[in-house]
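Encoded as structure tokens, the structure appears first; notes follow it.
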Amino acid sequence: MSYDSGALHAALAAAVGEDQALIADLRIAFMESATHHVDLLSRARCDANWELAAWRLKGLAASFGLTALMVLADEAAQSAPGDPRIVRQLRAVLDSLRQD
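Following this line, the structure appears as structure tokens:
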């Protein structure tokens, strides 16, 4: 599955126009929030905390049109709490989004 970080930039530009400073600020806020949710997933040990973090990450991804991240967050919600494979995949996605 490929992760199109251009979709994040496009969603931000559509929301605020071509104000590059505001786009950069919103990108930072998105990344901080997404990183926080993945961190919560990595520490969750019960179904409720795991599912809540996965659903919030999915909602955040949906807000920015990042469908691949949405699919992966949905997969996380369906898997067992603490699944290291999902957490690794989510971290890889965030790392790829940081590269741009």
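For what it's worth, my numbering labels the leading residue of the sequence shown as 746, then goes sequentially.
Backbone N, C-alpha and C fix where the C-beta goes; we use that ideal spot for every residue, glycine too.
Please read all numbers here as calculations on a predicted model, not as lab measurements.
### Task
Identify which residue in 767, 795, 766 has its Cα closest to the Cα of residue 823.
795
### Message
Going by DSSP, what residue range makes up the alpha helix (DSSP H) through residue 777?
### Response
765-788
### Task
Quick one: residues in its chain with C-beta nearer than 8 angstroms to the C-beta of residue 831, no 5 flanking neighbours on either side, listed in chain order?
786, 817, 820, 821, 824
### Task
Look at the Cβ atom of residue 835, then the Cβ atom of residue 783, and state whether they are nearer than 7 angstroms.
yes
### Query
Which same chain residues, not among the five before or five after residue 837, have their C-beta less than 7 angstroms away from its C-beta?
Same-chain partners within the cutoff: there are none.
### Query
Quick one, are the C-beta atoms of residue 810 and residue 752 less than 7 angstroms apart?
yes
### Query
Which of helix, strand or coil does DSSP assign to residue 808?
Taken through DSSP and simplified to helix, strand or coil, residue 808 comes out as helix.
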